[in-house]
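Student: For the record, in the sequence shown the residue sitting at position 38 is 21 according to the working numbering, with numbers rising by one throughout. Idealized CB from N, CA, C, for every residue including glycine. Once you've had a glance at the structure underneath, I'll fire off some questions.
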Amino acid sequence: ATKAHIKLNTKRLYQADGYAVKELLKVTSVLYGAMNTQGGERADLPEEDSTKFKFDLGSKIADLKAARQLASEITSKGAVLYDLLGKEVELREARTESIARPLEINEAEKVMKIAISSVLEEVQKTKDTLNNVALDEANLEAKIEKRKLELERSQKRLQTLQSVRPAFMDEYEKIEKQLQKQYSTYLEKFRNLTYMEQLLDDQRRTEQEMFE
């Protein structure tokens, strides 16, 4: 715009509104006028230069399209920049306030010490918990080992008792044989008694029938 002696209001460009369009029209009007002027001058060219003229015209059209695209990008980026510049006042006040605020080193150091102390306390609690877990684990393993030893002793005692024949077993077996013999005798006598009772009942029934 400076080389073409075109004066643009950059503030209006950054506003990205109707005024920005008017500013951009200044550039496009110059470009369009230049295209028309060059087109009129080229109209009187000889026939042999028509191909070169068409090539130049196509190149200028491409340049115009590129200029339009560039103008669109400038407008878009200008709008973003305008919004950022609009926030600069508020940001500048906050920045100035932060810079002017005195840095309270003692207070910050106090807060840091409290935080470090809290972290160290949590670390110590974690260590104590881990130590207690290790102690409980050791006690549990000792109890398990003790139970295993007691179980092994009980099993050995049981095996010993099973392998040793008691002194009264001989007498027990002798008495058991006598009882079995007496039981067999009892069964035989019981069968005989039952048979005799059956015969007696039959005899009585026969005699009764004879009298009747």
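Using only the alpha-carbon positions, how far apart do E133 and I127 sit?
Tutor: Start at 1 with the first residue of the sequence shown, and residue 133 comes out as number 150. Start at 1 with the first residue of the sequence shown, and residue 127 comes out as number 144. If I take the Cα positions, the gap works out to 10 Å.
Student: Mind listing, in chain order, the continuous beta strand (DSSP E) runs of no fewer than 3 residues lying wholly within the stretch 63 to 132?
Tutor: Segments of the beta strand (DSSP E) lying fully in the stretch 63 to 132: there are none.
Student: Would you decide whether A54 is buried or exposed? Buried here means 16 or more other CB atoms lie within 10 Å of its CB.
Tutor: Along the sequence shown, one-based indexing puts residue 54 at 71. Burial call: buried.
Student: Over the uninterrupted alpha helix (DSSP H) stretch that includes R188, give me the two end residues.
Tutor: Locating residue 188 in the sequence shown gives position 205, counting from the first residue. Where R188 is concerned, the enclosing alpha helix (DSSP H) stretches over M152 to F194.
Student: Using a Cβ-Cβ cutoff of less than 8 Å, which residues in the same chain neighbour E56 once the five nearest sequence positions on both sides are dropped?
Tutor: Here residue 56 refers to the residue found at position 73 of the sequence shown. Excluding positions up to five away in sequence, the list is empty.
Student: So for F36, helix, strand or coil by DSSP?
Tutor: Reading the sequence shown from its first residue, position 53 is the one you call residue 36. Any reading at F36 must be qualified, since the residue scores a pLDDT of 46, below 50, and its modelled position is unreliable; no value is offered.
Student: Roughly how many whole angstroms lie between the Cα atoms of S108 and I99?
Tutor: Taking the sequence shown and counting its residues from 1, the one referred to as residue 108 is at position 125. Taking the sequence shown and counting its residues from 1, the one referred to as residue 99 is at position 116. A quick correction: the sequence has Lys, not Ser, at residue 108. Rounded to the nearest angstrom, the two C-alpha atoms are 14 Å apart.
Student: What number of angstroms, rounded off, separates the C-alpha of K139 from the C-alpha of A150?
Tutor: By one-based count along the sequence shown, residue 139 stands at place 156. By one-based count along the sequence shown, residue 150 stands at place 167. Cα-Cα distance, rounded: 21 Å.
Student: In chain order, what residues of the same chain lie with their CB nearer than 8 Å to the CB of M95, ignoring the 5 residues before and after it?
Tutor: Taking the first residue of the sequence shown as 1, we reach residue 95 at position 112. None.
Student: Flag L64 as yes if its beta-carbon sits less than 9 Å from any beta-carbon of chain B, otherwise no.
Tutor: Absent here is chain B; the protein component of the structure consists of one chain.
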